[in-house]
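Here the numbering used here = 1-based position in the sequence shown + 352. All residues carry an ideal CB built from backbone N, CA and C; glycine is no exception.
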Amino acid sequence: MDMIVRPRRLRGSETLRKMVRETRVDKASLIYPMFVMDGRDRVEAIDAMPGQYRYTVDRMGEELDRLAEAGVSSVMLFGIPAHKDPVGSQAYAPDGIVQRAVLRAKMLHPEMYVITDVCMCEYTSHGHCGVLCDHDVDNDRTLELLAKTALSHVEAGADMVAPSDMMDGRVRAIREALDKNGFTGKPIMSYAVKFASSFYGPFREAAGSAPSFGDRKSYQMDFHNRREAIKEALLDVDEGADIIMVKPAMSYLDLVREVRNRVNLPVAAYSVSGEYAMVKAAAAKGWIDEEKIVCEMAVAAYRAGADIYLTYYAKELARFIQEGRIG
Ligand code: PBG
Numbered sequence: 353m354d355m356i357v358r359p360r361r362l363r364g365s366e367t368l369r370k371m372v373r374e375t376r377v378d379k380a381s382l383i384y385p386m387f388v389m390d391g392r393d394r395v396e397a398i399d400a401m402p403g404q405y406r407y408t409v410d411r412m413g414e415e416l417d418r419l420a421e422a423g424v425s426s427v428m429l430f431g432i433p434a435h436k437d438p439v440g441s442q443a444y445a446p447d448g449i450v451q452r453a454v455l456r457a458k459m460l461h462p463e464m465y466v467i468t469d470v471c472m473c474e475y476t477s478h479g480h481c482g483v484l485c486d487h488d489v490d491n492d493r494t495l496e497l498l499a500k501t502a503l504s505h506v507e508a509g510a511d512m513v514a515p516s517d518m519m520d521g522r523v524r525a526i527r528e529a530l531d532k533n534g535f536t537g538k539p540i541m542s543y544a545v546k547f548a549s550s551f552y553g554p555f556r557e558a559a560g561s562a563p564s565f566g567d568r569k570s571y572q573m574d575f576h577n578r579r580e581a582i583k584e585a586l587l588d589v590d591e592g593a594d595i596i597m598v599k600p601a602m603s604y605l606d607l608v609r610e611v612r613n614r615v616n617l618p619v620a621a622y623s624v625s626g627e628y629a630m631v632k633a634a635a636a637k638g639w640i641d642e643e644k645i646v647c648e649m650a651v652a653a654y655r656a657g658a659d660i661y662l663t664y665y666a667k668e669l670a671r672f673i674q675e676g677r678i679g
């Protein structure tokens, strides 16, 4: 056979395959999304996300201990308040659920990097991501509240804020509010490319944040669009974002790559609740190999260009990395 180039040569052994590997994963780039709720001494299982829980602030230490032990160094906090109202006032209350959780996390684990999700949907009685004007979210009035929320998070000690509301101009509004108050060094990770996706279903159960009417299509992106993803990403770069996120991950890896090629900031991919739920459900049926699927999904996100990976499987992945089962 007259064949000089044989790609199989480099696949001959595990040692060689590892040597020529193009994508490597690192625990330091994992972020674990965590739910904290008002109340006392409770840990509640989330039905649609087996293995995930809501913690009251006094019990969140248990999970932080497990994360630290697994080698996960960053968390993203989502708050579930006891009280909701039309203007989401618990989102920016100085003693709101996230503000208290940040304080506690920093007290228990000062080395843990604490990021907060900045949005209104968990806090508004109507479940939309901002204040309403008639039946639509009022963009510019919402900006003030988002800025106030982000500021209250960093005042409580958050290391980074991550706006997920998809209002126009929110990165700039938050940047200005933080800078004006002396927090020029606190980075913003923008959910810049966030689609109106059915993959968020289990999260909305977990956070009790489903909209009470309509949907999020007037602010989150239409999933048929690709050029618009670049437009959103570049806009947020101009507004002062430090990290650009693409969300969901698995069905949107084309956009992770495209954003990676177009911006010079770190890119994050968020493997969302629906992705987690699908893997868990199929694994429970014995239809897939959970560990292998989780590793393959993670590597695919990094291969697509993600520098940072947000996942409910962060602890497991950190362990797989530690044990050399992925990498
Ligand atoms: C808040 C927010 C959502 C998610 C992250 N931040 C829900 C939504 O936009 O409806 C989804 C996360 C997940 O599904 O894991 N706006």
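Range of the contiguous beta strand (DSSP E) that encloses Tyr475
It is not in any beta strand (DSSP E) - Tyr475 carries neither H nor E in the DSSP assignment.
Can the beta-carbon of Val619 be found closer than 8 Å to that of Asp659?
If you check the CB distance, Val619 and Asp659 come in under 8 Å.
Measure the Cβ-Cβ separation of Pro563 and His478 and say whether it is below 8 Å.
yes
According to DSSP, simplified to helix, strand and coil, what is Ile678?
DSSP places Ile678 outside both helix and strand once states are collapsed to three, so it counts as coil.
Gly553 by DSSP, collapsed to three states: which one?
The three-state secondary structure of Gly553, taken from DSSP, is helix.
Pairwise C-alpha distance: Leu503 and Lys538:
10 Å
Which residue wins for smallest C-alpha separation from Thr408, given the options Ala457, Asp511, Arg363?
Ala457
Straight-line Cα distance separating Glu463 from Asp417:
Each residue's CA atom was taken as its position, placing Asp417 and Glu463 some 12 Å apart.
If distances are taken between C-alpha atoms only, which option among Arg452, Arg369, Asp590, Met518 comes closest to Ser570?
Met518
Residue range of the alpha helix (DSSP H) that Tyr628 falls in?
Segment 625-636, the alpha helix (DSSP H) holding Tyr628.
Taking the DSSP output, what are the residues bridged to Arg406?
Within the DSSP secondary-structure output, Arg406 pairs in a beta bridge with Phe387, Glu396.
Where do the N-terminal and C-terminal ends of the alpha helix (DSSP H) with Lys569 fall, by residue?
Unbroken run through Lys569: none, as it is neither H nor E.
Around the C-beta of Pro600, are 16 or more other C-beta atoms found within 10 angstroms, so that it is buried, or is it exposed?
Flag for Pro600 reads buried.
For the stretch 431-450 and the stretch 359-367, state whether three or more C-beta atom pairs, one from each stretch, are separated by less than 8 Å.
no
Return the first residue and the last residue of the alpha helix (DSSP H) that Ala593 is part of.
Unbroken run through Ala593: none, as it is neither H nor E.
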